[in-house]
Amino acid sequence: MVQLYTSPVLDAPHLLEHEEDEGELMKDEGLQQVSLEVSTAYHGYETYIEDGLICLKHKIRNLEKKKLKLKEYKKRLSQGEELNKDQKVAVEKFEEVLHNLDFARELHKTLDGLTQNLLKAQKKVVKQDQTVRLEVERRRLATVLKIHDLLGNMQQEHTQKDLMTGNNQAPHIPIQKLHSLNRLAAMLGVRRDNGLSLDEQMQDAALVYMDLLEGKDQPVAGSTCEYSGLTRRI
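Numbers given in the numbering used here equal positions in the sequence shown, counted from 1, plus 798.
Take a look at the structure:
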């Protein structure tokens, strides 16, 4: 899976930390035109994005408080009240604060919209992944059932004879290979192994089925049973 790396856009609250430089951030006017096209599921992205939006929201609140404070300073100044040096310097930055506040609000709005698009896209990707996994599991289960049915039918006496002789349109299977397949049937739980408990036999059978589905060749009854060849034939 592709990791969700730190994005300079989502770290925007840190860019706003020094308000003297905030005006330069308005150069990124193309941000609103960004479109999301997601084809990979990201893990933990919800928390990451939410944290970024919360930080930006806190910055907006701080700017709003500063705006109110500076408005009060301007009002007092217009009424002829004398302000101290720091207050006068702060009043001179009133327009800059308004500019930064507008930018932060617009940035939050844009990121929130992108977040909603990402969430929708992620839900779609997750659903597609689930559909693919279910289809893979369905096919694997179908293969297991086919193998179980095939080996089960081979346990009948007349079928064994036809396979050894190649009669009745049955494929000819050498007796040694047939013996291996019979042993495989027991290993897969098609035939009951009284030497093991049912749980033990099924646990062992599950491991053999896993090798079989992965196309591995494993030794069975002294010879190699070609699992991949068996799955292709059925």
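For each residue, glycine too, the CB sits at the ideal point set by N, CA and C.
Asked: Through-space distance from leucine 861 to phenylalanine 901, alpha-carbon basis; Found: 11 Å
Asked: DSSP-derived helix/strand/coil call for lysine 825; Found: Annotation note: pLDDT 39 at lysine 825 (below 50); position unreliable, coordinate value reported separately. Helix at lysine 825.
Asked: Enclosing alpha helix (DSSP H) for serine 978 [first to last residue]; Found: 973-985
Asked: Residue range of the unbroken alpha helix (DSSP H) whose run includes arginine 937; Found: 892-951
Asked: Three-state class that DSSP yields for aspartate 884 in the structure shown; Found: helix
Asked: The segment 899-917 in contact with the segment 851-865 per 3-pair CB rule at 8 Å; Found: yes
Asked: Sequence-distant residues of the same chain with beta carbon closer than 8 Å to valine 1006, five excluded per side; Found: Leu982, Met985, Leu986 and Gln1016
Asked: Close-in-space but distant-in-sequence residues of the same chain around lysine 865 (CB under 7 Å, 5 per side omitted); Found: Val895, Leu896 and Leu899
Asked: For lysine 922 and glycine 1013, the rounded distance between their alpha carbons; Found: 32 Å
Asked: Spatial distance of glutamine 967 from glutamine 928 (CA atoms); Found: 42 Å
Asked: Under the three-state DSSP convention, the category serine 876 falls into; Found: helix
Asked: Distance between beta carbons of tyrosine 871 and valine 889, contact taken as under 8 Å; Found: 5 Å
Asked: C-alpha distance - alanine 973 paired with glycine 950, whole-angstrom precision; Found: The sequence given here places isoleucine at residue 973; alanine does not occur at that position. Answer to the nearest angstrom: the Cα atoms are 17 Å apart.
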